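Following: one structure in structure tokens, then a few remarks.
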Amino acid sequence: MEDFDLSAYIGKKIKYLREKKGWTTQELADKLHTSRVTVTRYETGARKANQDMLYKMSELFNVSIDDFFPPRDNGRSKSETVEQALSHVMSFDGKPVTDRDRAILQQIAEAYLKGRDPDEDNQ
1064 MEDFDLSAYI GKKIKYLREK KGWTTQELAD KLHTSRVTVT RYETGARKAN
1114 QDMLYKMSEL FNVSIDDFFP PRDNGRSKSE TVEQALSHVM SFDGKPVTDR
1164 DRAILQQIAE AYLKGRDPDE DNQ
């Protein structure tokens, strides 16, 4: 397995979520009751955010704590992952989603994922 810098990954996610809200580093620092320098260090990966800080940020950004971490496939194939996600879809626009609908949606999702540019993941 190649080296992976989790702190840098989380930092990029924090920066992305902060910018998506339109907040400066100082504004986020004020909301977290910490310093601008600390937020900058989180965003660059120079400092690791502890679980309490990640929880506070998840509430501020209205995301799950899991959203700060890279996705894991847990040894499942991509089609199993798509199938699992679609199994939770019960309705759309107030109408029930049938097993046939799910099968069609799975085929569409798999075709899209096979054909997309792998560099899109980094955007």
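Numbering (the working numbering), first residue to last: 1064 to 1186. Beta carbons are placed, not taken as given, at the ideal position from N, Cα and C, and that holds for glycine. Note that the coordinates shown come from a computational prediction; the quantities given were computed from them, not determined experimentally.
Rounded to whole angstroms, the Cβ separation of K1078 and F1124 is 11 Å, and the two are not in contact under 8 Å. The Cβ-Cβ distance between L1117 and F1132 does not fall below 7 Å. The three-state secondary structure of K1111, taken from DSSP, is coil. If you draw a straight line from the Cα of I1073 to the Cα of A1109, it is about 11 Å long. The C-beta distance from R1099 to T1107 rounds to 13 Å, too long to meet the 8 Å contact threshold.
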